[in-house]
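Residue numbers (my numbering): 310 to 383.
The beta carbon of each residue, even a glycine, is placed where N, CA and C say it ideally should be.
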């Protein structure tokens, strides 16, 4: 089993993350990693992330408070 993150910009397109992502063996490890790196990812242009297990989307979430995107703040 591999847990991975996908990083998206404000338009929903995939972006290159500011922090090199890993593959994780557990959901908890993946979520701990995003908890440690969300700010750097956000500052690097990621507005939301999507967690997948072996290619199956589990959930997506915003990296902004209250789910706002950078475009919504402009």
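Nearest Cα to residue 355 within the set 311, 331, 346 and 312: 346. In the DSSP annotation of this structure, the continuous segment of the alpha helix (DSSP H) that includes residue 341 starts and ends at 336-352. Nearest in C-alpha terms to residue 326, of all of 349, 362, 366 and 375, is 349.
Cα atoms of residue 337 and residue 367: separation of roughly 13 Å, rounded to the nearest angstrom. Around the beta-carbon of residue 317, 16 or more other beta-carbon atoms lie within 10 Å, marking it buried. If you ignore the 5 residues before and after residue 310, its C-beta comes within less than 7 Å of the C-beta of 334, 362 and 363, all in its own chain and listed in chain order.
Note on residue 322: under 16 other CB atoms within 10 angstroms of its CB, so exposed under the neighbour-count rule.
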